[in-house]
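A.B. asks: Position 104, counted from 1, in the sequence shown is what the working numbering calls 1596; the numbers after and before it change by one each time, with no gaps. Even glycine gets a Cβ: it sits at the ideal position worked out from N, Cα and C. This is the structure I want to talk about, given as structure tokens.
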Amino acid sequence: MFEKVCFNCFTAKRNDGACPVCGFDNRTGVGSNQSCGVSLAPGTIIGGRFIVGKTLGQGGFGITYLSLDLKTEKIVAIKEFFPSHLVSRQETGLRTNVQPNSTKDEDIFRYGLKKFKEEAELLATFRNQEHIVSVHRFFYGNNTGYFVMDFIDGISLKDYVRRMNGRLLYPDVVGIIDPILKAIAFIHSKGLIHRDVSPDNVFIQKDGTVKLLDFGAARFFTQSKGKAMTTILKPGFAPPEQYTSTGKQGPWTDIYAVAGTMYYALTGKTPLDSLSRKLDDQLIRPTAVNPSVSRAQEAVLLKGLAIEPSERYGSAMEFREALVRSIQPIFSRRTVASRRQMPAAQPVQVRAGQQPGAAPVPAAIPAAAPVVEFAAAEANLLPEPAETGVAQPIVEGNALFDTFFEEEEEEEDILRAEDAGERDENRIASHPEIWNRPNETQKGLSIVDYVLYGSLVFIVIMVIIILFS
């Protein structure tokens, strides 16, 4: 029925070849019929209104499809509950039912399906959260469940790091991780933990918005459903407590995963798995790989990657604040103090082929790799000098971290006063807006002023006449 529809952009086409609009080939494209595996075949109708398009991705517990909502004519993403280690797909007439592999597996599958529905209902309440993917609808079909989400038109952090030659600058990574920590803090406030944060599940949209995806149903499995616990683990991003059914998990579990994700963005490498680190911690330090990371910044990151939960940050917001403090604000107390004792200008090291006056490129970071546009626009931060002798670039833009900088900016005005005892009006008068305004309080001379001035001139003239007469 839909053979002549592109399963990437859902544009009608005349033949089976590549789409004239987007170039996608239904026969050979990634996520197409030939590469779908256990996925639903593109063109399948589910929920009575959704055309299944290409497969966007498959994890241990679900398959995500690009789909077209025939009712709204909008492209959406639909996630199917499909725990591949528990079920298989069976063709039954026109249906492609999901069937548990055994009676024991069916018990776990039904439990997981119940939690999958609860996940959809929960995520539907997060629609107004900018950095969490929105869920709009849940329905049953093919002996399993589906929920409909916004389609995220962008790229995963994992793929982005690869495109940027394997590592990002520290300020840019903070710009990416900051909204993720805000999202994590929000879901923690609702009594929920993600348990699967990784570079695969952090998406950067074309407009620069960062989204956290894949609140997988596996994270709901309790100790009694221990079979599923190890399946959701992503070595390098899972802390030790996730490896056992008795491990106590909580917000600290997500903090480890976020720190691991940050480590990947800075180094291009998956962190050494936590069990190996627990026996013999041979984790490669970020400072050994990425010169844009200072030792103080590395310490902030490594606290999030602590093996013992008690040694990590107490909350996502505490981690976020530590990251912000690890980046020197452009208008920091240190900057204000430096205005009083300005050192002599030092020569800046400029690489061959780089225009003088251009932002210097940190050593070992490929010059061809541009700064993340949205991170540069949001960070408004200045990195601490790296230990390489190369000047660091200033990342300017709007105020992503304004809530943390307000206090220091207010203190800066106080520091402008030469004497702590100066009056408030002197401090206010030093504000740049006042500097740039004409002195509106000045007025012309009054009549009395003119009389006094004339009298003084007359007296002076008379004195001169007497002296020379």
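Please state if the CB of residue 1662 and the CB of residue 1785 are separated by a distance shorter than 8 angstroms.
C.D. replies: It is a contact, given that the beta carbons lie within the stated cut-off.
A.B. asks: Flag this pair as yes or no: are the beta carbons of residue 1746 and residue 1647 separated by less than 8 angstroms?
C.D. replies: no
A.B. asks: Do the segment 1809-1820 and the segment 1691-1703 touch if we need at least three Cβ pairs shorter than 8 angstroms?
C.D. replies: No, the segment 1809-1820 is not in contact with the segment 1691-1703.
A.B. asks: With H, G and I counted as helix, E and B as strand and the rest as coil, what does DSSP make of residue 1606?
C.D. replies: DSSP places residue 1606 in helix when its eight states are reduced to three.
A.B. asks: For residue 1755, is the classification buried or exposed, using 16 other Cβ atoms within 10 angstroms of its Cβ as the cut-off for buried?
C.D. replies: buried
A.B. asks: Residue ranges of each beta strand (DSSP E) run of no fewer than 3 residues wholly in the segment 1539-1578, ordered along the chain?
C.D. replies: 1542-1550, 1554-1561, 1566-1573
A.B. asks: Which residue spans inside the segment 1725-1800 form an unbroken alpha helix (DSSP H) run of at least 4?
C.D. replies: DSSP runs (the alpha helix (DSSP H)) wholly in the segment 1725-1800: 1743-1759, 1766-1771, 1787-1796.
A.B. asks: Look at residue 1623 and residue 1679 and say whether their C-beta atoms are less than 8 angstroms apart.
C.D. replies: A distance of 8 angstroms or more separates the beta carbons of residue 1623 and residue 1679.
A.B. asks: Just to confirm before moving on: does the CB-CB distance between residue 1581 and residue 1522 stay below 8 angstroms?
C.D. replies: no
A.B. asks: Might you give, ordered along the chain, the residues of its own chain that have their beta carbon closer than 7 angstroms to the beta carbon of residue 1563, omitting 5 neighbours on each side?
C.D. replies: 1541
A.B. asks: In the structure shown, what three-state DSSP assignment does residue 1581 receive?
C.D. replies: Note: residue 1581 maps to strand in three-state DSSP.
A.B. asks: Can you give the Cα-Cα distance for residue 1751 and residue 1799, rounded to whole angstroms?
C.D. replies: 12 angstroms
A.B. asks: Looking at the strands, I want to know which residues DSSP matches up with residue 1695.
C.D. replies: 1648, 1703
A.B. asks: What number of angstroms, rounded off, separates the C-alpha of residue 1795 from the C-alpha of residue 1739?
C.D. replies: Roughly 20 angstroms between the two C-alpha positions.
A.B. asks: Does the distance from the C-beta atom of residue 1762 to that of residue 1806 stay below 8 angstroms?
C.D. replies: no
A.B. asks: Give the secondary structure of residue 1678 by DSSP, where H, G and I count as helix, E and B as strand, and everything else as coil.
C.D. replies: helix
A.B. asks: Suppose you measure from the CA of residue 1614 to the CA of residue 1681; what does that come to, to the nearest Å?
C.D. replies: 13 angstroms
A.B. asks: Beta-carbon separation of residue 1568 and residue 1579 under 8 angstroms?
C.D. replies: no
A.B. asks: Measuring alpha carbon to alpha carbon, tell me which residue in 1766, 1757, 1759, 1706 is nearest residue 1643.
C.D. replies: 1706
A.B. asks: DSSP has residue 1814 in a bridge; who is on the other side?
C.D. replies: BP columns for residue 1814 are empty, so no partner.
A.B. asks: Would you identify the three-state DSSP class for residue 1499, choosing helix, strand or coil?
C.D. replies: When DSSP states are grouped into helix, strand and coil, residue 1499 belongs to the coil group.
A.B. asks: Can you check which of these residues, 1815, 1735, 1502, is closest to residue 1768 by C-alpha distance?
C.D. replies: 1735
A.B. asks: My assumption, with CB atoms under 8 angstroms, is that residue 1514 sits in contact with residue 1505. Please give the rounded CB distance.
C.D. replies: The Cβ separation is near 10 angstroms, so there is no contact.
A.B. asks: Since residue 1619 is in the beta strand (DSSP E), which residue starts that stretch and which ends it?
C.D. replies: Careful: residue 1619 lies outside any beta strand (DSSP E) and carries neither H nor E.
A.B. asks: Report, in whole angstroms, the separation of the C-beta atoms of residue 1535 and residue 1543, which I expect to be a contact under 8 angstroms.
C.D. replies: 7 angstroms
A.B. asks: Can you tell me the Cβ-Cβ gap for residue 1488 and residue 1605, rounded? I've got them flagged as a contact below 8 angstroms.
C.D. replies: Since the first residue shown for the chain is 1493 and the last is 1961, residue 1488 is missing from the structure and cannot be characterised.
A.B. asks: Give me the residue from 1598, 1516, 1777 with the minimum Cα distance to residue 1545.
C.D. replies: 1516
A.B. asks: Among 1781, 1625, 1632, 1700, which one has its Cα closest to the Cα of residue 1664?
C.D. replies: Out of 1781, 1625, 1632, 1700, 1700 has the C-alpha closest to the C-alpha of residue 1664.
A.B. asks: For residue 1777 and residue 1632, I'd like the C-alpha separation in whole angstroms.
C.D. replies: 47 angstroms
A.B. asks: Can you grab the Cα-Cα spacing for the pair residue 1950 / residue 1957, in whole Å?
C.D. replies: One alpha carbon belongs to residue 1950, the other to residue 1957, and they sit about 11 angstroms apart.
A.B. asks: What are the boundary residues of the beta strand (DSSP E) that includes residue 1627?
C.D. replies: 1627-1633
A.B. asks: For the candidate residues 1572, 1565, 1566, whose alpha-carbon lies nearest to that of residue 1556?
C.D. replies: 1572
A.B. asks: Counting C-beta neighbours from all protein chains within 10 Å, is the total for residue 1953 16 or more, i.e. buried, or is it exposed?
C.D. replies: Per the 10 Å Cβ criterion, exposed.
A.B. asks: Where does residue 1957 sit, in a helix, a strand or coil, going by DSSP?
C.D. replies: helix
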